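One structure is given below, encoded as structure tokens.
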Amino acid sequence: AQKVTQAQTEISVVEKEDVTLDCVYETRDTTYYLFWYKQPPSGELVFLIRRNSFDEQNEISGRYSWNFQKSTSSFNFTITASQVVDSAVYFCALSEAGTSGSRLTFGEGTQLTVNP
Amino acid sequence: SAVISQKPSRDICQRGTSLTIQCQVDSQVTMMFWYRQQPGQSLTLIATANQGSEATYESGFVIDKFPISRPNLTFSTLTVSNMSPEDSSIYLCSVARLAGVDNEQFFGPGTRLTVL
């Protein structure tokens, strides 16, 4: 069975600090996809990134960057120069292959608070 | 991306009653899913809504409690039956254009349900 662990329940930083959100996953599949979603206080789930198991290149998108390391089964997310608007719950998720659809297994989420 | 709407956006219901939540997508999609997010917790998949056939339920969820319909490729409903306070949650509809692990899932805005 697959599992996603986000060990950091809550993180609090001051604006402009860099922050890294950890994600560790377990799966028996060789083909899988990893995702990050953002859930602001309004409640909607915002897609941030998708990464497949064969692509270990790190990715940068503006202030966001992702570090995928298969050797440690980790897919960490870094926000550089954090802003108050980054305050949200962030979920890491895993999609397993071999099923009829793209069902997702979510981690427990990390509540990020960025203080001015 | 897909534009997804859910009705109602929120509701307060009495114990023992039922509520039907609607999910409408602006274009045809292959996969539709229903998730539950209990207060302060992560998302848990309830079921995959299958067009023209019975939904596929995850462990711990049953059709009698959460009947699902999917009459076409753009619409689905989830009913929460015989509600109790433990059913107070956010219920989210999600869609994927195609089947397969590599397809990103888009989420609706959610329905916030409070059961008294």
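Protein chains in written order, with my numbering: chain Y, 20 to 135; chain W, 2 to 117. Cβ atoms here follow ideal geometry from the backbone N, Cα and C, with glycine treated the same way. Predicted model only: the values in this text are computed from it and were never measured.
Original post:
Going along the stretch 61 to 72 of chain Y in order, which residues come within less than 7 Å of chain B, judged by CB to CB distance?
Top reply: Note that chain B does not occur in the displayed structure, where the protein chains are Y and W.
Original post:
What does S43/W reach in chain Y if we use C-beta pairs closer than 7 Å?
Top reply: In the second sequence, the residue the question calls residue 43/W occupies position 42. In chain order: F110, F125, G126, E127 and G128.
**OP:** List in chain order: all unbroken beta strand (DSSP E) runs of 3+ residues lying wholly within the stretch 40 to 113 of chain W.
**Re:** 44 to 50, 69 to 73, 76 to 81 and 90 to 97
Subject >> Three-state secondary structure assigned by DSSP to D12/W >> reply: Against the second sequence, residue 12/W aligns to sequence position 11. Strand, per DSSP.
**OP:** Could you check what DSSP says for Y4/W in three-state terms: helix, strand or coil?
**Re:** Position 3 of the second sequence, counted from the start, is the residue given in the question as residue 4/W. Reading the sequence as shown, one finds Val at residue 4/W and not Tyr. Coil, per DSSP.
Original post:
Mind listing which residues of the stretch 28 to 40 of chain W have their C-beta closer than 8 Å to chain Y's C-betas, in chain order?
Top reply: Under the 8 Å Cβ criterion, the stretch 28 to 40 of chain W contributes T31, M32 and F34.
Original post:
Within the 8 Å Cβ cut-off, does R82/Y reach chain W?
Top reply: In the first sequence, the residue the question calls residue 82/Y occupies position 63. Not one chain W Cβ lies under 8 Å of R82/Y.
Subject >> Nearest neighbour of E78/Y, chosen from E29/Y, V65/Y, G62/Y and F54/Y [CA to CA] >> reply: For the purposes of this step, residue 78/Y is taken as residue 59 along the first sequence, with counting starting at 1. Residue F54/Y is the option with its Cα nearest to E78/Y.
**OP:** Determine the chain Y residues that contact L46/W at a beta-carbon separation under 9 Å, and present them in chain order.
**Re:** As a working note, residue 46/W is residue 45 in the second sequence. Within chain Y, the residues near L46/W are R122, L123, T124 and F125.
Subject >> Uninterrupted alpha helix (DSSP H) stretches inside the stretch 82 to 107 of chain Y (no shorter than 4 residues) >> reply: none
Original post:
Name the DSSP bridge partner or partners of F54/Y?
Top reply: Position 35 of the first sequence, counted from the first residue, corresponds to residue 54/Y. According to DSSP, which records beta bridges pairwise, F54/Y is partnered with R69/Y and A112/Y.
Original post:
If you follow the beta strand (DSSP E) that L64/Y is part of, which residue opens it and which one closes it?
Top reply: Within the first sequence, numbered from 1, the residue matching residue 64/Y stands at position 45. Run containing L64/Y: none; DSSP gives neither H nor E here.
Original post:
Beta-carbon separation of A107/Y and L131/Y under 8 Å?
Top reply: Taking the first residue of the first sequence as position 1, residue 107/Y is located at position 88. Taking the first residue of the first sequence as position 1, residue 131/Y is located at position 112. Yes; because the gap between Cβ atoms is below 8 Å, this pair is in contact.
**OP:** Quickly, what does DSSP pair T21/W with across the bridge? List them, please.
**Re:** For the purposes of this step, residue 21/W is taken as the residue at position 20 of the second sequence. Answer by DSSP bridge pairing, in chain order: T80/W.
Original post:
Contact check, V116/W vs R11/W under 8 Å by CB: the rounded distance?
Top reply: Taking the first residue of the second sequence as 1, we reach residue 116/W at position 115. Taking the first residue of the second sequence as 1, we reach residue 11/W at position 10. So it is not a contact: roughly 12 Å between Cβ atoms.
**OP:** Return helix, strand or coil for Q38/W, following the three-state DSSP convention.
**Re:** In the second sequence, residue 38/W corresponds to position 37, counting from 1. Reduced to three states, the DSSP call for Q38/W is strand.
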